[in-house]
Amino acid sequence: IRPEIEREPQRATFVVDAKNQVIVVPSAPGTRIDEEATLQELLEAATRPDRRGRIVLREERPELTTEEAEGLGIRHLVARFTTYPPCCQPRVKNIHFAASQVDGVVLRPGERFSLNEHLGPRTNEAGFLDAPTIVRGKMEPSPGGGISQFATTLFNAALDGGYEIVQRQPHTFYFSRYPEGHEATVSYPEPDLVFRNDTKSGLLIKTQYTSTYIRVLLYGDNEGRRVERKVSPRYDFVEPPIEYV
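Under the working numbering, the first residue of the sequence shown carries the number 265, and numbering increases by one thereafter.
Given below as structure tokens:
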């Protein structure tokens, strides 16, 4: 009878309208059979003439209540960043898959976000396709190739929002589709992209994508932080060795 009686709790969620206004979708409590109390009822029913007892229900609290969601102070668009992958390649599907997994993530004040912890190991069984990846200086196909473009997009959004970057590693190659000096690569389990919501308000991560762009939008309240980007002149040039094949 569980399917007829029990109900999963629904956590509060956030939606963003066309004007970038954040709206809280209310939570709903769940219903569960209280097993210990129901067992006691059944034991007592066995001693009564009608042999009948109650099924005792209890309310189950959602992971995030409406009041908690409203109290997070997620008020407006803090930062957004867009990069443009080449269309219609397997790596684009990996980027979209990663974006769909991250869309809607909420960080409470003080919480950190790890992309590797969120996506887990990159395997075909997990839904990742084989696509070019940098392996020992060469491009080789492996599950999850292309996710670094999503990591770069997310990193730049967090950077522009002024959030604390805990861990970030650049590629060993330079790709012209990324801002010079401001990009991030990931692999499992390392390197990772990690940043922390070091504000007093919550942080909502939203993603948008098509076949030709990937966009990350961050909503919250970054307390008026402003970020200025600077790139130094290039230095320490090293001539590549000649290799005869």
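We put the CB at the ideal spot given by N, CA and C, even for glycine. Everything numeric in this text was worked out from a predicted model, so none of it was measured.
Backbone CA spacing between residue i and residue j [nearest angstrom]
i: Tyr452; j: Asn380; result: 6 Å
i: Pro354; j: Leu393; result: 6 Å
i: Pro407; j: Ala362; result: 12 Å
i: Thr449; j: Pro405; result: 16 Å
i: Ile269; j: Pro373; result: 36 Å
i: Arg376; j: Leu321; result: 36 Å
i: Thr277; j: Val288; result: 6 Å
i: Ser475; j: Glu428; result: 30 Å
i: Gly317; j: Ile297; result: 14 Å
i: Glu308; j: Pro267; result: 25 Å
i: Leu467; j: Gly335; result: 12 Å
i: Ile319; j: Gln304; result: 10 Å
i: Asp500; j: Arg432; result: 22 Å
i: Pro293; j: Arg275; result: 8 Å
i: Leu341; j: Asn486; result: 10 Å
i: Ala301; j: Ile265; result: 16 Å
i: His382; j: Glu299; result: 33 Å
C-beta contact flag for residue i and residue j at 8 Å
i: Glu331; j: Thr295; result: no
i: Ala343; j: Gly425; result: yes
i: Ile359; j: Tyr473; result: yes
i: Arg460; j: Val430; result: yes
i: Lys283; j: Gly368; result: no
i: Ala395; j: Gly384; result: no
i: Leu482; j: Ala421; result: yes
i: Thr417; j: Val480; result: yes
i: Ile478; j: Phe419; result: no
i: Ser465; j: Gly488; result: no
i: Val502; j: Glu444; result: no
i: Pro273; j: Pro326; result: yes
Nearest-angstrom Cβ-Cβ length linking residue i and residue j, presumed shorter than 8 Å
i: Ile338; j: Val286; result: 5 Å
i: Arg493; j: His435; result: 18 Å between Cβ atoms; not a contact.
i: Thr347; j: Tyr438; result: Not quite, the Cβ-Cβ distance comes to about 14 Å (not below 8 Å), so this is no contact.
i: Thr329; j: Ser291; result: 5 Å
Count the C-beta pairs between the region 456-463 and the region 305-312 that are closer than 8 Å, then say yes if the count reaches three, no if not.
no
3-residue-minimum beta strand (DSSP E) runs that sit fully inside the region 311-358, ordered along the chain
321-324 and 340-347
At 3 residues or longer, and completely inside the region 379-422: list those beta strand (DSSP E) runs for me, N to C.
394-399 and 402-407
In chain order, each beta strand (DSSP E) run of at least 3 residues that lies wholly inside the region 420-484
428-431, 458-460, 467-473 and 478-484
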